[in-house]
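Chains as they are written, first to last, in this note's numbering: chain A, 1 to 274; chain B, 275 to 548; chain C, 549 to 822. Encoded as structure tokens, the structure appears first; notes follow it.
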Amino acid sequence: MSLTAEAVFQRLNAVRERQPLVHNITNFVVMNNTANALLALGASPAMVHSSDEVEDFVAISQALVVNIGTLYSEQVAASKLAVIRANTVGTPWILDPVGVGATPYRRTAAGALAALKPTVIRGNGSEILSLAQQSGQGRGVDSLHGSDAAVDAARQVVMTTGAVVAITGAVDFVTDGTRLGELHNGHPLMARVTGLGCSATAIIGAFLAIEPDAFSATVAGLAVFGVAGEIAAQHSAGPGSLQAALLDALYNLDQETFSRHFRYRESRIEPAKG
Amino acid sequence: MSLTAEAVFQRLNAVRERQPLVHNITNFVVMNNTANALLALGASPAMVHSSDEVEDFVAISQALVVNIGTLYSEQVAASKLAVIRANTVGTPWILDPVGVGATPYRRTAAGALAALKPTVIRGNGSEILSLAQQSGQGRGVDSLHGSDAAVDAARQVVMTTGAVVAITGAVDFVTDGTRLGELHNGHPLMARVTGLGCSATAIIGAFLAIEPDAFSATVAGLAVFGVAGEIAAQHSAGPGSLQAALLDALYNLDQETFSRHFRYRESRIEPAKG
Amino acid sequence: MSLTAEAVFQRLNAVRERQPLVHNITNFVVMNNTANALLALGASPAMVHSSDEVEDFVAISQALVVNIGTLYSEQVAASKLAVIRANTVGTPWILDPVGVGATPYRRTAAGALAALKPTVIRGNGSEILSLAQQSGQGRGVDSLHGSDAAVDAARQVVMTTGAVVAITGAVDFVTDGTRLGELHNGHPLMARVTGLGCSATAIIGAFLAIEPDAFSATVAGLAVFGVAGEIAAQHSAGPGSLQAALLDALYNLDQETFSRHFRYRESRIEPAKG
Numbered sequence: 001m002s003l004t005a006e007a008v009f010q011r012l013n014a015v016r017e018r019q020p021l022v023h024n025i026t027n028f029v030v031m032n033n034t035a036n037a038l039l040a041l042g043a044s045p046a047m048v049h050s051s052d053e054v055e056d057f058v059a060i061s062q063a064l065v066v067n068i069g070t071l072y073s074e075q076v077a078a079s080k081l082a083v084i085r086a087n088t089v090g091t092p093w094i095l096d097p098v099g100v101g102a103t104p105y106r107r108t109a110a111g112a113l114a115a116l117k118p119t120v121i122r123g124n125g126s127e128i129l130s131l132a133q134q135s136g137q138g139r140g141v142d143s144l145h146g147s148d149a150a151v152d153a154a155r156q157v158v159m160t161t162g163a164v165v166a167i168t169g170a171v172d173f174v175t176d177g178t179r180l181g182e183l184h185n186g187h188p189l190m191a192r193v194t195g196l197g198c199s200a201t202a203i204i205g206a207f208l209a210i211e212p213d214a215f216s217a218t219v220a221g222l223a224v225f226g227v228a229g230e231i232a233a234q235h236s237a238g239p240g241s242l243q244a245a246l247l248d249a250l251y252n253l254d255q256e257t258f259s260r261h262f263r264y265r266e267s268r269i270e271p272a273k274g
Numbered sequence: 275m276s277l278t279a280e281a282v283f284q285r286l287n288a289v290r291e292r293q294p295l296v297h298n299i300t301n302f303v304v305m306n307n308t309a310n311a312l313l314a315l316g317a318s319p320a321m322v323h324s325s326d327e328v329e330d331f332v333a334i335s336q337a338l339v340v341n342i343g344t345l346y347s348e349q350v351a352a353s354k355l356a357v358i359r360a361n362t363v364g365t366p367w368i369l370d371p372v373g374v375g376a377t378p379y380r381r382t383a384a385g386a387l388a389a390l391k392p393t394v395i396r397g398n399g400s401e402i403l404s405l406a407q408q409s410g411q412g413r414g415v416d417s418l419h420g421s422d423a424a425v426d427a428a429r430q431v432v433m434t435t436g437a438v439v440a441i442t443g444a445v446d447f448v449t450d451g452t453r454l455g456e457l458h459n460g461h462p463l464m465a466r467v468t469g470l471g472c473s474a475t476a477i478i479g480a481f482l483a484i485e486p487d488a489f490s491a492t493v494a495g496l497a498v499f500g501v502a503g504e505i506a507a508q509h510s511a512g513p514g515s516l517q518a519a520l521l522d523a524l525y526n527l528d529q530e531t532f533s534r535h536f537r538y539r540e541s542r543i544e545p546a547k548g
Numbered sequence: 549m550s551l552t553a554e555a556v557f558q559r560l561n562a563v564r565e566r567q568p569l570v571h572n573i574t575n576f577v578v579m580n581n582t583a584n585a586l587l588a589l590g591a592s593p594a595m596v597h598s599s600d601e602v603e604d605f606v607a608i609s610q611a612l613v614v615n616i617g618t619l620y621s622e623q624v625a626a627s628k629l630a631v632i633r634a635n636t637v638g639t640p641w642i643l644d645p646v647g648v649g650a651t652p653y654r655r656t657a658a659g660a661l662a663a664l665k666p667t668v669i670r671g672n673g674s675e676i677l678s679l680a681q682q683s684g685q686g687r688g689v690d691s692l693h694g695s696d697a698a699v700d701a702a703r704q705v706v707m708t709t710g711a712v713v714a715i716t717g718a719v720d721f722v723t724d725g726t727r728l729g730e731l732h733n734g735h736p737l738m739a740r741v742t743g744l745g746c747s748a749t750a751i752i753g754a755f756l757a758i759e760p761d762a763f764s765a766t767v768a769g770l771a772v773f774g775v776a777g778e779i780a781a782q783h784s785a786g787p788g789s790l791q792a793a794l795l796d797a798l799y800n801l802d803q804e805t806f807s808r809h810f811r812y813r814e815s816r817i818e819p820a821k822g
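Okay, here's the thing in structure tokens:
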């Protein structure tokens, strides 16, 4: 059965009540915004990056967010250490492969992290396409177009990594290989604020902390974030005011408002062929 | 005699007139906000981190702020170098031991910095309790609760470090071992914005630059910041708008408004036993 | 012929249409704001710092911004690598020598970068004076005062580096050694928000990506940013609200509003004597 607005909001209430500690190894551009998005949601963010302490810190956290936006060698090492420990102690983690296709270094780092069994991977269409190409499935995804291509790429990445995969854009897609969720929330102005994709990733991280079904957690996180963005855009004069309004909207979001905006469709799909 | 609203505001005027250069070695999450809080207050912030230049920079600054929020080995080294030079040239400095209890690495770094004679240490209750436990006073502070426990821990940290100690929370406590200040300003919404504790630390830094009595400087900094936060919260729809409103309130704060909000009580206490 | 409001706005339209990719190696304080300023303008920002990928990334970018605000050894190395590649592939780049006069380390790093043929250098008066002193032109610029001194220093830096030089302040000056532009836009409140000089540098970077005449690109960038700041200040209650309003103003700026505010004068000057 498809996730209802009520079911999503129950999970938001769980985040607000339990205030899970979400460990972020993320980029320098969005650290402040991401922390504020998690606080506005009701979670407890921590930005902890040093290889000297990430293993200890992830062990006391309820979820881990790994984002390669401004990666550098020490951060890649710290991310791997944190992920290995997360996998050992059973902490769910989400990978945001920012700009993975842009440079060989980024492809190598993202590929190595994707191979370490993330619970969820979230990216935009070209990032997920890039990951799918790297996975060497024997067919080019370059030749495909639009949302069909994106969904196909997502299915390939599910197959090669075992992760739930989310592609965000004008429409957000989420798949675990057999379920396909489509979210029609958000607002175009959100693309003019830096790092809102990274905030979406962190928000999913908070839902992973309280919801064992990673597909449901991912849909819930994107739904809450998209609805908050939509409400914020209605009260914004531009991208500057949107940034503050989005945090206010996340903080104030109530079930009635959420249900009125939530636009979600779920279907069954065939897994990608090996 | 207890600090009056007028006495605090005189110090704010001194900051605004002298625009002291405040050297910050702080975490990546709050760098922007902290710089903006200092600018809105009337000080001149500089964020200078490299071990290649911190010694030179601290020597031309009027105060130093050391914050371990996103510490890493190079930053710990740079912090120690800056602190040693600050002590040599007589620059006051404040330590913010963010999350000190969370990992062994953080405990070691914060302990080493606390041993280097900070002028002031500011933390939340659990951070100061953690520092007190490390100081090895032979009795557990874990077993104590609430503000009595916090004040007791603060007194122990005063005794072992020689610093003025501030504990911020719903009520802020400041002590130098014999005086105890209690501030009842601020607003609960401030806890939903990342790094406002770090901003409070930086603001105290600015007051240390113009006020040789570290206890008075600390009370003044927390009072101004708490009152500004309180005013800002009245005009905010959530944590996003609070962040901007807080900077506006700091910038616009006048003596009449400050005096109307200032809620402070000062008493004499016994120093902690050695 | 002097640049007209229409000519400047045509260039803004070109940025909005082509959305150039602007590679930033910048400081940690302003990364978020700078990215947001570029997005609000209509450009595509990327913050990419690692020496493992800057050479690859600059080669796919249309402009490079190098800002030494929170420099450290790895960033200096990465900046040099990026600049050398930019020069090889013909990507224009702009240098922001933040605080160059403050420490020997900063002077060395800024001097080394300035020697690598930046397309444009933007700084405040004291930063450009400091660069001029380093250039060893045999006469002290310390003894000069006010805008004459600033313009004289700018001409010296033009002569020694070959760059277009911009000095921003209450009045902005731009010179390529023979043309001198004077911009009377902006607002004093802008000095109370951290990193707006850095944002101005990044905005110039975006104009360099679409305008081969570096002098015109620099004037256009400063004009658009100054006018946006001026409009934003009219709608701001302080430095906190200014920050958001500035992004909104950049995003919403139309030609009629821009033309009404644009205050620019251009004259011919003699190049500095060698």
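Backbone N, C-alpha and C define an ideal beta-carbon position, used for all residues, glycine too. These numbers come from a predicted model, not from an experiment.
Under 8 Å from the C-beta of residue i: neighbouring residues of chain A
i: C:D644; result: Correct list: empty, because the minimum Cβ distance to chain A is about 17 Å.
i: C:A588; result: R192, G238, P239, G240
i: C:D604; result: A102, T103, P104, Y105
i: C:V583; result: Reading off the sequence, residue 583 of chain C comes out as Ala, not Val. Under the 8 Å cutoff, chain A gives V29, T194, G195.
DSSP three-state assignment for residue i, whether helix, strand or coil
i: A:G69; result: coil
i: C:L643; result: strand
i: C:G786; result: coil
i: B:G385; result: helix
i: B:S541; result: strand
i: A:L222; result: helix
i: A:L129; result: helix
i: A:P45; result: strand
i: A:A166; result: strand
i: C:I779; result: helix
i: B:A546; result: coil
i: B:V582; result: With chain B running from 275 to 548 in the structure shown, residue 582 of chain B is simply not present.
i: A:A5; result: helix
i: B:Q529; result: helix
i: B:I358; result: helix
i: C:L664; result: coil
Nearest-angstrom beta carbon gap, residue j and residue i [assumed within contact, 8 Å]
i: B:A494; j: B:E504; result: Wrong, their Cβ atoms sit about 16 Å apart, outside the cutoff.
i: C:R811; j: C:L731; result: 7 Å
i: A:S61; j: A:V22; result: 7 Å
i: C:T656; j: C:S683; result: Not quite, the Cβ-Cβ distance comes to about 14 Å (not below 8 Å), so this is no contact.
i: B:N306; j: C:T742; result: 6 Å
9 Å Cβ cut-off: residues of chain A touching residue i
i: B:T365; result: The contacting residues do not exist; B:T365 stays about 27 Å from chain A at best.
i: B:F302; result: F28, M31, N32, M47, H49
Neighbour list for residue i in chain C, Cβ cutoff strictly below 9 Å
i: B:A446; result: Contrary to the premise, residue 446 of chain B reads as Asp rather than Ala in this sequence. Here the premise fails: no neighbours, minimum Cβ distance about 22 Å.
i: A:N32; result: N580
i: B:F283; result: Ordered by position in chain C, no residue passes the 9 Å Cβ test against B:F283, which lies about 18 Å from the chain.
i: A:G197; result: Near A:G197 there are no residues of chain C at all, since even the closest Cβ is about 12 Å away, more than 9 Å.
Chain C contact residues for residue i, given Cβ-Cβ distances below 7 Å
i: B:A327; result: Per the sequence presented here, residue 327 of chain B reads as Glu, with Ala not at that position. Per Cβ cutoff of 7 Å: T651, Y653, R654.
i: B:H323; result: T618, Y620
Proximal residues of chain C, C-beta to C-beta of residue i below 8 Å
i: A:G169; result: Residues of chain C passing the Cβ test: none, with the nearest at roughly 16 Å.
Practice item. Please list the residues of the region 791-814 of chain C that have a C-beta atom closer than 8 Å to any C-beta atom in chain B, keeping them in chain order. Key: Listed by position along the chain: Q791, A792.
Review point. Hey, which unbroken runs of the alpha helix (DSSP H) at 4 residues or more fall wholly within the region 286-311 of chain B?
Key: Runs of the alpha helix (DSSP H) spanning 4 or more residues and lying entirely within the region 286-311 of chain B do not occur at all.
Check your understanding: For the region 171-214 of chain A, which segments carrying the alpha helix (DSSP H) assignment without a break, of at least 4 residues, lie completely within its bounds, in sequence order?
Key -> Restricting attention to alpha helix (DSSP H) runs no shorter than 4 residues, the region 171-214 of chain A encloses them at 196-208, ordered along the chain.
Check your understanding: Listed in chain order, which residues of the region 336-360 of chain B have Cβ atoms closer than 8 Å to some Cβ of chain A?
Key -> For the region 336-360 of chain B, the set of residues with a beta-carbon nearer than 8 Å to any beta-carbon of chain A comprises G343, T344, L345, Y346, S347, in chain order.
Check your understanding: Which residues, in chain order, does the region 447-464 of chain B contribute to contact with chain C at a C-beta distance below 7 Å?
Key -> Considering only beta carbons, no part of the region 447-464 of chain B lies closer than 7 Å to chain C.
Check your understanding: When Cβ atoms are compared, which residues of the region 202-224 of chain A fall closer than 7 Å to chain C?
Key -> Residues of the region 202-224 of chain A whose Cβ lies closer than 7 Å to any Cβ of chain C: none.
Exercise for review: Name, going along the chain, the residues of the region 389-404 of chain B whose beta-carbon falls closer than 9 Å to a beta-carbon of chain A.
Suggested key: Those residues of the region 389-404 of chain B that come within reach of chain A (Cβ to Cβ, closer than 9 Å) do not exist; the list is empty.
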